[in-house]
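Worksheet: one structure, shown below.
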Amino acid sequence: MIDRRSFLKLAALGGGAVFMSGLHASVQANTEADFYFVQLSDTHWGYSGDANPEAKNTLHKAIESVNALQHQPDFIIFTGDLTHTTDDPVERRRRMAEFKEIIGGLKVRNIRFIPGEHDASLDSGAAFNEYFGASSYSFDHKGVHFIALDNVSDAGARIGEKQLAWLQADLARQAKDAPIVLFTHRPLFDLVPKWDWATRDGAQAVSLLMPYTNVTVFYGHIHQEHHHMTGHIPHHAAKSLIFPLPAPGSQDKRTPLPWKPDAPFQGLGFREVDVDGKIASVTEFPVIKA
């Protein structure tokens, strides 16, 4: 687990760790409650192009890096775009089957998924549901309530009234100071709407979360580390495992950053999230550890 002293040392070295404002009050401070999980995002299995000529190897390298962690996480979650988009439903399923076979090499067996728009927007999540199960759900782990929200199966980039009603009912069963983690693919706030970096009814979801004092949101989609606050709620974006994208709004189009042969896999990575009973921290790792 990462403590405050370790964090300060890591931050001084440019390790990419940030302390989060949520998850601190209601988790009991004992060794049984301490745990961490790993978030991986935007693997885009099936992608082929100049943005990553090593596309067939990157996911395998990420799995090797996670398997090499000294202490294995309690669970792993993939936050969307498991596969790269295709109009062919047969090819879509083939990619999902290959992805599922590859991640079978992870040591951790407790693995969870949510879809990205590349997985689900063309068929309303049908293929994703076949291979990975429900696209929205909740579960509890060592005193923390986790919620997976689907904001991609709707082609209009909406969560939808039915799912918002489900979210409201799920939250109603939680105490106002309960530690809550929400996973989604797109950001719930308007980061860069013209780049599809937004959820059209995301403000409604945030409004439902606002009465709860210990909420943290993790998402993917934007292929880079990014941190944002809506009121007291922190939102943290994950790096991609295929190619990095430009800083929000920094250019006209969200074209992938060029591949650098002298610095392969630059900007790609995954994160650990530690919950130590007093405060939670998130640490970003490269795909290949130095």
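Taken in order, the sequence shown gives residues -25 to -1, 1 to 265; the numbers are from mature numbering (1 follows the signal peptide of the UniProt record, and there is no 0).
Just so you know, even glycine gets a beta-carbon here, dropped at the ideal spot from N, CA and C.
The structure presented is a predicted model; accordingly, all values stated were derived computationally and were not measured.
For A123, there is no enclosing alpha helix (DSSP H); the residue is found in the beta strand (DSSP E) stretching over 119 to 123.
R133 and A178 have their C-alpha atoms spaced approximately 11 Å apart. The beta-bridge partner set that DSSP reports for G244 consists of P261. In the three-state reduction of the DSSP assignment, S256 falls in the strand class, which pools E and B. The Cβ neighbour count for E92, taken over all protein chains shown within 10 Å, is at least 16; the residue is labelled buried. Per DSSP, reduced to three states, the secondary structure at L184 is helical. Counting of Cβ neighbours within 10 angstroms places A102 among the buried residues, the total reaching 16 or more.
Shortest Cα-Cα distance from G206 to any of F218, V192, H196 involves V192. Contact check for G242 against A213 fails: the beta carbons are separated by 8 Å or more. Counted as a single uninterrupted DSSP element, the stretch harbouring A212 is not any alpha helix (DSSP H) but the beta strand (DSSP E) occupying residues 208 to 212.
Around the beta carbon of A30, 16 or more other beta carbons lie within 10 angstroms, which makes this residue buried. Taking the Cα positions, V83 is about 8 Å away from N42. Between M71 and L57 a beta carbon distance of about 7 Å is seen, short of the 8 Å cut, so the two are scored as contacting. In the three-state reduction of the DSSP assignment, T33 falls in the helix class. Comparing alpha-carbon positions, the option among D125, G55, L124, D49 lying closest to K117 turns out to be D49. Note that the C-beta distance between H59 and G21 is below 8 Å. Judged by pairs of C-beta atoms under 8 Å, the region 163 to 181 does not touch the region 144 to 154, as fewer than three such pairs exist. In the three-state reduction of the DSSP assignment, H93 falls in the helix class, which pools H, G and I. In the three-state scheme derived from DSSP, where H, G and I count as helix and E and B as strand, Q14 is classed as strand.
Setting aside the 5 residues that flank it on each side, T159 is surrounded in the same chain by L124, N126, Y194, each with a C-beta closer than 6 Å to its C-beta; the list follows chain order. One alpha carbon belongs to A95, the other to D62, and they sit about 11 Å apart. For the beta strand (DSSP E) assignment, the uninterrupted runs of no fewer than 3 residues enclosed by the region 142 to 177 are, from N- to C-terminal side, 154 to 158. H35 counts as exposed, since fewer than 16 other C-beta atoms from the protein chains shown sit within 10 angstroms of its C-beta. Within the region 35 to 111, the complete beta strand (DSSP E) segments of 3 residues or longer fall at 50 to 54, 86 to 89, listed in chain order.
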